[in-house]
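Q: Structure incoming, see below.
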Amino acid sequence: MSLTSTTADGTQIVTVNAERIDAAMAIQFKEDMRSTTENGPDRVILDLSEVKFIDSSGLGAIVAAMKQLGQGRKLDLAGLTPMVDKVFRLTRMDTVFDLYPSLPDAQAVNRVES
Amino acid sequence: MVDSFSCSFTATELAARTGVQDVVNRLREMGVPEARADEVQIALTEAVNNVVEHAYAGMDVGDVRIRCNLDPEQLWISIGDAGVPFKDGQLPAGTRQDLNVSLEELPEGGFGWLLIRELATDVQYERNDAGNNLSLRFEIQMRNAKPA
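If you want it as structure tokens, here you go:
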């Protein structure tokens with residue numbers, strides 16, 4: 003699973019360089035997110051703009067990625083494509099995460115909640 | 006007029022990924038509108054993942070058999086496997102879980118059946134000597150279908 007990470011202005015941006023987060027790669031995604039976000043800034047933005055498809059396993063892996071950040075840190079999601087957005091809405095997981103239409107939209111909100 | 010086709014593939018995660026994509030691409034070619042085809046892909050992926058993860062658990066991996074029947078108003082997809090039956094012979098309810106909980110208590114699973122029940126118009130399950138047969142019905146408003 004290819005993830006790219008950059009840190010700027012106290013925010014870590016993790017870009018998923020894959021078209022799918024599905025059952026075949028959910029565990030790898032979760033592990034890669036753990037190593038990528040370890041000891042990083044409090045706010046992490048996950049850029050999903052290249053991801054065209056996600057299934058329930060991928061959704062669970064994103065929840066797990068947020069949990070492993072721990073208290074005091076936050077995972078925001080940016081750039082949800084139509085099918086990914088649909089899965090978040092149907093499962094109401096859009097109420098658990100802050101979703102932004104694009105990475106610049108997410109970066110414009112420089113906010114860290116406890 | 007009913008158009009139908011069937012296919013099968015091995016019940017592994019990677020074969021399932023390609024198999025579902027092939028089925029959905031074919032449905033698009035047959036005139037299923039793009040947005041509805043996306044929804045079919047989401048639901049079918051969950052149904053096939055269940056076969057991969059549960060039906061053949063603890064036994065030699067078998068096949069997933071897919072049959073699609075498309076008429077101008079609805080699509081029936083049947084998903085067959087030769088694996089173990091659903092627990093208690095019943096489909097999971099796919100009810101919503103409480104998301105108004107602390108971070109640690111957020112669910113990481115249980116979304117698959119919720120997605121299937123949200124997206125399919127009707128879900129039926131039959132267990133027979135050959136194994137499991139799950140049927141998903143989707144209401145469809147066809148684009149101008151290509152002539153057969």
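Here the protein sequences come in this chain order: V and B.
Residue numbers for the first sequence follow this note's numbering, beginning at 3 and rising by one.
Residue numbers for the second sequence follow this note's numbering, beginning at 6 and rising by one.
Don't be surprised by glycine CBs; every beta carbon is placed ideally from N, CA and C.
Here the structure is a predicted model, which is why all the values come from computation and not from measurement.
Report yes if the CB atom of B/L49 is closer than 8 Å to the CB atom of B/V28, and no otherwise.
A: Closer than 8 Å, so yes.
Q: Could you work out which residue in B/N138, B/M147 and B/R142 is closest to B/R70 when comparing CA atoms only?
A: Nearest C-alpha to B/R70: B/N138.
Q: Determine the DSSP secondary structure at B/N55, reduced to helix, strand or coil.
A: Looking at B/N55 - three-state DSSP - the assignment turns out to be helix.
Q: By how many angstroms is the C-alpha of V/G42 removed from the C-alpha of V/L5?
A: If I take the Cα positions, the gap works out to 15 Å.
Q: Do B/G136 and B/D86 have their C-beta atoms within less than 8 Å of each other?
A: Yes, they are a contact pair.
Q: Using the Cα positions of B/E110 and V/I15, report the straight-line distance between them to the nearest angstrom.
A: Distance between the alpha carbons of B/E110 and V/I15 is about 25 Å.
Q: Find the nearest neighbour of V/F99 within the set V/K32, V/I47 and V/F31, judged by alpha-carbon distance.
A: For the residues V/K32, V/I47 and V/F31, the minimum Cα distance to V/F99 belongs to V/I47.
Q: Starting from the beta carbon of B/T50, find every residue of chain V whose beta carbon is closer than 9 Å, and list them in chain order.
A: Within 9 Å Cβ-Cβ: D24, A25, F55, D57 and S58.
Q: Quick one: does V/Q73 have its CB under 8 Å from some CB of chain D?
A: Protein chains in the displayed structure are V and B, and chain D is not among them.
Q: Looking at chain B, which residues of the stretch 73-94 of chain V have a Cβ within less than 9 Å of any of its Cβ atoms?
A: Answer in chain order: Q73, P84, M85, K88, V89, L92, T93 and R94.
Q: Which value, in whole angstroms, describes the spacing of the CA atoms of V/E115 and B/G63?
A: Summary for V/E115: the model assigns pLDDT 49, below 50, so the residue's position carries little reliability; its value from the coordinates is reported in the next sentence. Cα-Cα distance, rounded: 45 Å.
Q: I'd like to check one pair, B/A60 with B/V89: are the Cβ atoms closer than 8 Å?
A: Contact flag set, yes.
Q: Nearest to B/L120 by CA position, among V/T9, V/D49, V/R91 and V/P106, is which residue?
A: Considering only alpha carbons, the answer is V/R91.
Q: With DSSP run on the structure shown, which of helix, strand or coil describes B/V1?
A: Here chain B has residues from 6 to 153 only, and residue 1 of chain B is not among them.
Q: The beta strand (DSSP E) with V/R75 in it runs from where to where?
A: That residue, V/R75, is in no beta strand (DSSP E); it is neither H nor E in DSSP.
Q: For chain V, is any of its Cβ atoms less than 8 Å away from the one on B/E18?
A: True, the Cβ-Cβ gap to chain V drops below 8 Å.
Q: Can you tell me where the beta strand (DSSP E) with V/Q30 in it begins and where it stops?
A: Premise fails: V/Q30 lies in the alpha helix (DSSP H), A28 to T39, not in any beta strand (DSSP E).
Q: Just tell me which of V/S104, V/R94 and V/A110 has its CA closest to the CA of B/G113.
A: The sequence given here places Glu at residue 113 of chain B; Gly does not occur at that position. Looking at the Cα atoms, V/R94 is the closest of the given residues.
Q: Could one say the Cβ of B/E144 lies closer than 8 Å to chain V's Cβ atoms, at least one of them?
A: By this cut-off, B/E144 is not an interface position.
Q: Evaluate V/I29 with the Cβ neighbour count: other Cβ atoms within 10 Å of its Cβ, from every protein chain shown; 16 or more gives buried, anything less gives exposed.
A: Burial call: exposed.
Q: Given that a residue counts as buried once 16 or more other Cβ atoms are within 10 Å of its Cβ, and exposed if not, what is B/N55?
A: By the 10 Å Cβ count, B/N55 comes out buried.
Q: So for V/V46, helix, strand or coil by DSSP?
A: Correct three-state label for V/V46: strand.
Q: Distance cutoff 8 Å, beta carbons only. Does B/A153 sit that close to anything in chain V?
A: Any reading at B/A153 must be qualified, since the residue scores a pLDDT of 49, below 50, and its modelled position is unreliable; the value itself is stated next. So no, B/A153 is outside the interface.
Q: Compare the C-beta of B/F116 with all C-beta atoms of chain V and state if any pair is closer than 8 Å.
A: Cβ-Cβ to chain V under 8 Å: yes for B/F116.
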